[in-house]
Amino acid sequence: MQLADQLAVGYAYASSLLAFMVDGQPRPFSATFAVTNRCNLRCEYCNCPYIDPTNLDLAQIGVLFERLRDMGIRRLGLAGGEPLLRSDLPDIIALAKRQRFFVTVNSNLTLFDRHPERLADADLVYTSLDGDSAAHVAARGDRAHDGVLDAIVRLVGSGKPVIAICVVTEHSIGQVDFLLRQAERLGIRMHFQPRCVDTDVVRGSVATSLSNEQLRAFWRRLLEEKRKGRPLVSSTPYLEFLSEWEDFSISAYHDPGTRCPAGHGYLYVDPQGKAYACAYTKGKMTPVDLLAQDWRTAWDGHNPCTRCTVGPMLEFNMLFKRPFAAALEGFRTYG
Ligand SMILES: C[S@@+](CC[C@H](N)C(=O)[O-])C[C@H]1O[C@@H](n2cnc3c(N)ncnc32)[C@H](O)[C@@H]1O
Ligand code: SF4
Ligand code: SF4
Numbered sequence: 032m033q034l035a036d037q038l039a040v041g042y043a044y045a046s047s048l049l050a051f052m053v054d055g056q057p058r059p060f061s062a063t064f065a066v067t068n069r070c071n072l073r074c075e076y077c078n079c080p081y082i083d084p085t086n087l088d089l090a091q092i093g094v095l096f097e098r099l100r101d102m103g104i105r106r107l108g109l110a111g112g113e114p115l116l117r118s119d120l121p122d123i124i125a126l127a128k129r130q131r132f133f134v135t136v137n138s139n140l141t142l143f144d145r146h147p148e149r150l151a152d153a154d155l156v157y158t159s160l161d162g163d164s165a166a167h168v169a170a171r172g173d174r175a176h177d178g179v180l181d182a183i184v185r186l187v188g189s190g191k192p193v194i195a196i197c198v199v200t201e202h203s204i205g206q207v208d209f210l211l212r213q214a215e216r217l218g219i220r221m222h223f224q225p226r227c228v229d230t231d232v233v234r235g236s237v238a239t240s241l242s243n244e245q246l247r248a249f250w251r252r253l254l255e256e257k258r259k260g261r262p263l264v265s266s267t268p269y270l271e272f273l274s275e276w277e278d279f280s281i282s283a284y285h286d287p288g289t290r291c292p293a294g295h296g297y298l299y300v301d302p303q304g305k306a307y308a309c310a311y312t313k314g315k316m317t318p319v320d321l322l323a324q325d326w327r328t329a330w331d332g333h334n335p336c337t338r339c340t341v342g343p344m345l346e347f348n349m350l351f352k353r354p355f356a357a358a359l360e361g362f363r364t365y366g
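Just so we're aligned, residue 32 is where the sequence shown starts under this note's numbering, counting upward by one.
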């Protein structure tokens, strides 16, 4: 990340943190926008391809991005569904860059060889790797591994930072050695996230063959690998938190003794322009239509849950709950 981008994101985060600490008006610094729910794959744990396939057009996205910028957003994640299915993805990224967002894109990369130009202007690419070819296909379906490694090689070769996300399932739990060695060889970094259950954007449940003790041991093991300097972006506070999670069949719950920074520090916007505190709350809260309303005044400030294991959000939550440790590592990782 360029120094100017780092400073802009850092300042927006600090303002966001301060607003959260004093319980002031929400001031999100980061947003995830799902550009489409459509997808060319059918991963066993994901529900995106089965929900509303409609999406905003470019003009509406331009308005949306202006509103996000006015709100204080400086970091924008473009996700899905599969963003490479949108032929206007380069225009969407250009609109985001016009607002001077730091732009990340999540893609399964199976369509990259057909459309490499669609990711050219992303600042960082997230992809998915659930293990070796057999483990990846077991979780994500036939052809889900095709072209992914070649795409990563080309992206890294062009100077693009790449982070691969592994969803922890019965297929991937034994794949840590393979994935970390592969990441070292490819010049990328890994993020691991628990399989999230029980919300509109996901499917299925945690395999009964995986015990909670086995899963906690998995996260403790990752903590050790992190301390050895292996290529893991998952932060230490995040790994420590997951090493102590009681029951992985529950992804989130309401604990009256704690607040959640979702909605205050970051938010999720679905392909129709409806905003939620985070992706997990889709279907659990009344959304705010960002083309018609201002999040800061229209959202009631309440989340259905306050503690969770939901991968990307838990990392953000650590930025607000253990700001010193998590932010220091975050800036070392993404700097
Ligand atoms: C929804 S996908 C969108 C981007 C792209 N289609 C991909 O798969 O990389 C974003 C990430 O969420 C992960 N994911 C999907 N369902 C999940 C679940 N139930 N629990 C945890 N992560 C999940 C995917 O593996 C992927 O890394
Ligand atoms: S995880 Fe990504 S690739 Fe898999 S079905 Fe969901 S959106 Fe598609
Ligand atoms: S605890 Fe917060 S971040 Fe986690 S799922 Fe609930 S609202 Fe989202």
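C-beta atoms are modelled at their ideal positions from N, C-alpha and C, and glycine is treated no differently. For clarity, every value in this text was computed on a predicted model and none was experimentally measured.
Check your understanding: CA-CA distance, ASP122 and LYS191?
Key -> What you label residue 122 is simply residue 91 of the sequence shown in a count that begins at 1. What you label residue 191 is simply residue 160 of the sequence shown in a count that begins at 1. C-alpha separation (whole angstroms): 19 Å.
Exercise for review: With a cut-off of 8 Å on the beta carbons, I'd call CYS16 and GLY112 a contact; round off their distance for me.
Suggested key: As shown, the chain starts at 32 and ends at 366. That puts residue 16 outside it, with no answer to give.
Point to revise | Residue range of the unbroken beta strand (DSSP E) whose run includes ALA195 | key: By 1-based counting over the sequence shown, the position of residue 195 is 164. Segment 193 to 199, the beta strand (DSSP E) holding ALA195.
Check your understanding: Looking at PRO335 and THR67, is the spacing between their C-beta atoms short of 8 Å?
Key -> The residue you call residue 67 lines up with position 36 of the sequence shown. The residue you call residue 335 lines up with position 304 of the sequence shown. Contact flag unset, no.
Check your understanding: In the DSSP assignment, what are the bridge partners of ASP320?
Key -> Position 289 of the sequence shown, counted from the start, is the residue given in the question as residue 320. In DSSP, ASP320 forms a bridge with LYS305.
Practice item. Mind reading off the beta-carbon distance from PRO292 to ASN348? Whole number of angstroms is fine, and I expect it under 8 Å. Key: The sequence position of residue 292 within the sequence shown is 261, counting from 1. The sequence position of residue 348 within the sequence shown is 317, counting from 1. Indeed they touch by this definition, with Cβ atoms about 6 Å apart.
Review point. With DSSP run on the structure shown, which of helix, strand or coil describes GLY190?
Key: Numbered from 1 along the sequence shown, position 159 holds the residue referred to as residue 190. It is coil, neither helix nor strand.
Practice item. Assess, as a yes-or-no matter, whether the stretch 297 to 317 is touched by the stretch 54 to 66 under the definition of 3 or more beta carbon pairs within less than 8 Å. Key: yes
Practice item. Return the bridge partner residues of GLY108 from the DSSP annotation. Key: For the purposes of this step, residue 108 is taken as the residue at position 77 of the sequence shown. Beta-bridge pairing links GLY108 to THR63, THR135.
Check your understanding: Can you tell which of ASP208, ILE196, THR328 has the C-alpha that lies nearest to the C-alpha of VAL341?
Key -> Sequence index remark: in the sequence shown, residue 341 carries index 310 (1-based). Looking at the Cα atoms, ILE196 is the closest of the given residues.
Check your understanding: What first and last residue would you give for the alpha helix (DSSP H) that runs through VAL343?
Key -> Counting from one through the sequence shown, the residue named residue 343 turns up at place 312. Residue identity check: residue 343 is Pro in the sequence provided, not Val. Here the alpha helix (DSSP H) through PRO343 covers 342 to 352.
Exercise for review: Flag THR67 as yes when its Cβ comes closer than 7 Å to any non-hydrogen atom of ligand 3, and as no otherwise.
Suggested key: Translated into the one-based positions of the sequence shown, residue 67 becomes position 36. THR67 Cβ: outside cutoff for every heavy atom of ligand 3.
Check your understanding: CA-CA distance, ALA170 and GLY205?
Key -> Numbered from its first residue, the sequence shown carries residue 170 at position 139. Numbered from its first residue, the sequence shown carries residue 205 at position 174. C-alpha separation (whole angstroms): 13 Å.
Point to revise | Residues sharing a beta bridge with TYR284, DSSP | key: Working through the sequence shown from its first residue, we reach residue 284 at position 253. Answer is ARG338, bridged to TYR284.
Check your understanding: Applying the criterion that 16 or more other CB atoms from any shown protein chain within 10 Å of the CB defines a buried residue, is HIS176 buried or exposed?
Key -> Here the question's residue 176 lines up with position 145 in the sequence shown. Classification of HIS176: buried, given that the 10 Å Cβ count is 16 or more.
Exercise for review: With hydrogens ignored, establish whether the beta-carbon of CYS79 is closer than 7 Å to any heavy atom of ligand 2.
Suggested key: In the sequence shown, residue 79 corresponds to position 48, counting from 1. Result yes, Cβ under 7 Å from ligand 2.
Practice item. May I ask you to check if the CB of ALA169 is nearer than 7 Å to at least one heavy atom of ligand 1? Key: If you number the sequence shown from 1, residue 169 lands on position 138. No, ligand 1 has no heavy atom inside 7 Å of this Cβ.
Check your understanding: What three-state label does DSSP hand THR328 in the structure shown?
Key -> Position 297 of the sequence shown holds residue 328. Three-state result, THR328: helix.
Review point. Where do the ends of the alpha helix (DSSP H) carrying GLN213 lie?
Key: Numbered from 1 along the sequence shown, position 182 holds the residue referred to as residue 213. 207 to 217 is the extent of the alpha helix (DSSP H) around GLN213.
Practice item. For ASP119, collect the residues of the same chain with a Cβ closer than 6 Å to its Cβ; drop the 5 residues on either side in sequence, then sort them by chain order. Key: For this step, residue 119 is matched to residue 88 along the sequence shown. Only LEU89 meet the Cβ criterion.
Practice item. Give the straight-line distance between the Cα atoms of THR337 and VAL228, rounded to the nearest whole angstrom. Key: Counting from one through the sequence shown, the residue named residue 337 turns up at place 306. Counting from one through the sequence shown, the residue named residue 228 turns up at place 197. Whole-angstrom Cα-Cα distance: 16 Å.
Check your understanding: Which value, in whole angstroms, describes the spacing of the CA atoms of THR158 and ILE183?
Key -> Walking along the sequence shown from the start, residue 158 turns up at place 127. Walking along the sequence shown from the start, residue 183 turns up at place 152. Cα-Cα distance, rounded: 9 Å.
Exercise for review: With DSSP as the reference, label PHE279 as helix, strand or coil.
Suggested key: For the purposes of this step, residue 279 is taken as residue 248 along the sequence shown, with counting starting at 1. Residue state, collapsed to three classes: coil.
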